[in-house]
Amino acid sequence: MNLIAWIESDANVVHSLRRLFKDKKLEIHFLNDVDEIQVELTRYSMIVCDDRKLSKNLDYMEMIKNKFPHIVRVFTTARPESSGIREMINRGKVFRVIFKPWIESDIQSTIIDGVEDFRRRTSRHQVILEIGKLNQQLENLNQELNQKILERTNDLQISREEEKGREKRVRHLLNLSQELGQAPHIDSYLIQLRRQLKSWHGVVAPFLIFSTSKNWIEFVYIETSGYINSYRLKASILSVDGIEEIRKVAAEVMQRPIGPLVVKKDEAFILAVEHSMSGNSLDEFNSFIKENSYALTVPLRKLIRAEEMRSSARSWEKIFNTLDEPVAIVGPHYKVIRSNQRFLDIGEINGKKCHEVFSDSRTPCLECPLDSQDGVPSQVVSKNKVFRVHSFDIGGSVRGGGRSHVNFYQDITDAQELYGKLVQSEKMAALGRLAGNVAHELNNPLTGIRSMSQLLRKDGPEEFKNDFEEIDKATSRCQGIIKHLLDFTIKDESGEWVSVSWKFILDRTLPLVKAATRRHRLKTDDSSGESKFCCEPQLIQQVVFNLINNASQAMGSESGEIHIEVEVCDKMLTMRVSDTGPGVPVDARKSIFEPYFTTKSEGIGTGLGLHLCRTIVERFKGRIFLDEEYNHGASFVIEFPKEVS
Amino acid sequence: MKVLIADDDSIVRRSLARALSRQSFHVVEACDGEEALKFWKESNFNAVILDVLMPKLNGIEVFENRPRSSQAKVVFISAFSGDEVSEETVGQMGDLFIKKPFENIFNVIEQIEKIL
């Protein structure tokens with residue numbers, strides 16, 4: 260449970276705070292005055308004080324900063340312009356200043372952030388403390404040894420020879436302890452150790468097994484060449500007891516038989532020295548290791564601790580980098596601070612802003628989630644892909660101004676495309692139903708008009724007969740158009756592929772595009788005769804419809820020509836729609852079949868038309884492409900394999 | 014020969030009536046289902062032409078409530094839009110089924126004359 264001391268003199272405020280933090284797993288001591296703090300200070304994670312007794316509180320906070328710097332300090336004030344704030348920040352180094360009146364959610368998140376900050380810092384603090392403690396122990400050890408040397412030298416009872424021998428050993432020990440203590444990492448520790456042990460004849464080489472995470476242990480040894488090698492093994496080996504088992508593992512790793520071992524074991528590591536000694540010299544060596552146990556293990560423990568910290572940092576980095584979606588930490592002013600590999604694939608960071616990297620744009624993306632305070636993910640389009648951007652506030656500093664965020668970019672292009680197609684097909688279906696109803700309603704009166712004109716042509720006055728025939732013909736044409744419209748819109752639910760000629764398709768489509776092509780000449784050349792291909796005719800009608808509409812829109816109000824050519828080329832049946840418009844700009848050519856790409860103004864094109872065309876044509880084993888050689892306008896070609904009759 | 018024509022669309026009704034009259038049929042016209050049923054109950058017809066979609070009572074309902082004694086041949090006409098009733102159902106009910114739009118009114122009359 261996190262303990263907070265909260266100096267607040269207003270009883271009403273205290274009451275509301277008690278309610279606010281009721282369920283927050285915090286124990287808060289509300290006090291009137293800093294003097295009332297009874298509990299041992301180190302038990303507190305956080306101290307919050309108000310500005311009522313400003314100078315007293317200032318002194319107190321400064322004292323806390325100096326003596327217990329890890330306790331998070333928060334200052335509350337109702338006077339935003341007061342100089343006390345500056346003092347609190349400068350002298351008390353407070354974590355946050357909270358202004359009254361506060362918003363409840365703000366103060367909640369500030370306090371919880373602060374407690375979290377305390378937890379993070381104390382855990383780091385403890386590791387640093389421990390390392391410091393180990394350093395201190397090392398230092399003490401060295402001093403003790405120095406003292407011993409002095410004592411020994413002064414000890415006149417001991418014979419000169421004996422004294423010399425002991426002195427040598429102790430100096431040796433001192434040297435060992437100092438050298439090992441200065442090793443910057445494990446590799447150099449091992450090398451130092453080997454050098455120190457060289458004076459013992461029969462010592463081969465030391466090796467080391469230690470763990471940096473729950474699941475893995477490192478096996479570090481010196482090759483005969485002198486190089487350091489390290490292996491990664493499953494963690495269970497640290498629980499291994501017998502020397503024999505350690506030898507087995509070592510033999511496996513070093514790929515050679517291992518001689519006898521002297522082992523120094525600890526909860527965090529196994530330090531083993533391979534040797535070929537026996538009898539007296541082995542006993543001497545064993546007692547040397549025993550005597551110097553402290554000098555050997557303290558620096559090693561320190562190095563392993565440091566390695567642990569590095570390794571956990573590495574594993575976080577690895578997780579970050581293996582994410583398949585781009586992730587970036589974005590600081591104030593959209594500056595990218597760090598990112599994972601996937602984000603770097605999109606563009607180099609180099610102190611750039613997130614929108615500069617992500618969407619090649621000099622201004623923040625429309626609907627940038629950093630700008631909106633509501634935390635709702637937004638959509639950003641980058642290089643023809645649609646991303647949903649989730650942004651998570653990870654806080655900021657009191658002095659730094661602005662907050663940092665983790666941005667997570669989720670590629671939703673496919674989902675979006677699917678949604679677009681769905682909407683499109685829903686729209687088509689609705690339009691189909693509407694057209695069906697209208698056609699039905701028109702059919703009734705048309706039938707009447709036609710029948711009547713036929714009757715009148717027969718029975719009416721001679722001079723009107725030709726006129727009634729005209730009415731008959733016109734209504735007949737109307738009925739034809741309605742029939743085509745119905746064919747076009749009523750979806751063949753069976754989805755059956757039938758073999759049709761281009762003539763069949765064009766005869767049923769062209770009457771429907773007359774309005775769209777009113778300003779333009781429509782010319783058709785069909786040399787394919789009865790050659791057929793396989794498709795669902797309504798869908799191919801839709802493709803033709805789209806291409807002709809595009810051609811007509813491209814030419815705009817200028818009068819131009821739309822030329823449709825159908826021919827048989829070898830085994831293929833090709834249909835070409837060409838116009839005399841401005842053509843497709845060179846830089847757009849690559850993208851025209853991509854979803855959401857459009858050169859039309861908003862509201863006119865969805866950017867799905869040509870994409871849909873391609874999807875449909877490819878469904879029937881065909882191909883659609885832009886003829887880039889054609890230079891009088893745009894020319895689209897559709898190819899289908901010819902049916903073998 | 015006496016024929017009842019029931020269709021809410023007056024121009025269809027009028028054109029059928031005119032075409033039948035010139036073949037010397039005696040024609041009675043009804044502009045909705047209720048009226049059609051009323052006329053049908055009042056007198057004997059040789060043929061009754063029913064549009065399927067009509068206000069008040071539709072063609073099927075008129076057919077189902079027809080006078081028991083009726084010997085009339087029944088002709089359904091309709092421009093199906095896909096809902097309500099299926100073409101098959103109607104085809105099985107009457108003696109003749111004619112789909113709208115008509116291509117040629119004279120062919121329609123010929124078909125009707127054939128079943129009489």
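Protein chains in written order, with my numbering: chain A, 260 to 904; chain B, 14 to 129.
A virtual CB, placed ideally from N, CA and C, is assigned to each residue, including glycine.
In this text, all values refer to a predicted model and were calculated from it rather than measured experimentally.
If you draw a straight line from the Cα of N401 of chain A to the Cα of G343 of chain A, it comes to about 48 Å. Secondary structure at K423 of chain A: helix, using DSSP grouped into helix, strand and coil. Not one beta carbon of chain B lies nearer than 8 Å to the beta carbon of D726 of chain A. Secondary structure at F280 of chain A: coil, using DSSP grouped into helix, strand and coil. Rounded to whole angstroms, the gap between the alpha carbons of I875 of chain A and L798 of chain A is 7 Å. Counting C-beta atoms within 10 angstroms of its own C-beta, G485 of chain A has fewer than 16 neighbours from the protein chains shown and is therefore classed as exposed.
For P465 of chain A, the number of other beta carbons within 10 angstroms of its own is at least 16, and it is reported as buried. Nearest neighbour of S37 of chain B by Cα position, chosen from B:V87, B:L29 and B:K69, turns out to be B:L29. At a Cβ-Cβ threshold of 8 Å, L456 of chain A and V521 of chain A do not count as neighbours. Under the three-state reduction of DSSP output, W475 of chain A falls in the strand class.
Three or more pairs of CB atoms, one per stretch, sit closer than 8 Å, so the stretch 617 to 624 of chain A contacts the stretch 636 to 655 of chain A. Closest in alpha carbon position to V103 of chain B, among B:F115, B:I73 and B:W53, is B:I73. Shown here is that no member of the stretch 875 to 900 of chain A has a Cβ falling below 8 Å from a Cβ of chain B. Of all residues in the stretch 108 to 124 of chain B, those with a C-beta nearer than 9 Å to a C-beta of chain A are K113, P114, F115, E116, N117, I118, F119 and V121, reading in chain order. Put simply, the CB of I708 of chain A is near chain B, with a gap under 8 Å to one of its CB atoms.
Counted as a single uninterrupted DSSP element, the stretch harbouring T776 of chain A is not any beta strand (DSSP E), since DSSP gives it neither H nor E. At least 8 Å separates the CB of I18 of chain B from every CB of chain A. By the Cβ test, the stretch 474 to 493 of chain A is not in contact with the stretch 537 to 548 of chain A, since fewer than three Cβ pairs between them sit closer than 8 Å.
Collapsing the DSSP output to three states places Y486 of chain A in coil. With at least 16 other beta carbons inside 10 angstroms of its own, Q738 of chain A counts as buried. The distance from the Cβ of K315 of chain A to that of A337 of chain A is about 17 Å, inconsistent with a contact at the 8 Å cut-off. Within the stretch 24 to 42 of chain B, the residues whose Cβ lies closer than 9 Å to some Cβ of chain A are I24, V25, R26, R27, S28, L29, R31, A32 and R35, listed in chain order. When the Cα atoms are used, R454 of chain A and H431 of chain A turn out to be separated by approximately 12 Å. Where V356 of chain A is concerned, the enclosing beta strand (DSSP E) starts and stops at R355 to F358. DSSP, reduced to helix, strand and coil, places W53 of chain B within a helical segment of the structure shown. By the criterion of a C-beta distance shorter than 8 Å, H614 of chain A is surrounded in its chain by Y593, S620, R621, T622, P623, C624 and C627, once the five residues flanking it on both sides are discounted.
Of the candidates A:A689, A:R647 and A:Y678, A:R647 places its Cα closest to the Cα of D670 of chain A. Interface annotation, A60 of chain B: not in contact with chain A, CB-CB separation never under 8 Å. Taking 8 Å as the cut-off, the beta carbon of D731 of chain A is found closer than this to the beta carbon of Q713 of chain A. As the crow flies, the alpha-carbon of E584 of chain A is around 17 Å from that of Q675 of chain A.
The straight-line gap separating the alpha-carbon atoms of S82 of chain B and Q124 of chain B is approximately 24 Å. Between V586 of chain A and F651 of chain A a beta carbon distance of about 10 Å is seen, past the 8 Å cut, so the two are scored as non-contacting. In the three-state scheme derived from DSSP, where H, G and I count as helix and E and B as strand, D604 of chain A is classed as helix.
When 8 Å is used as the limit between beta carbons, A92 of chain B is near these residues of chain A: H699, N702, N703 and T706, in chain order. About 12 Å separates the beta carbons of F76 of chain B and F110 of chain B, which is beyond the 8 Å limit, so they are not a contact pair.
For T381 of chain A, the CB contacts under 7 Å within the same chain, skipping 5 residues up- and downstream, are H329 in chain order.
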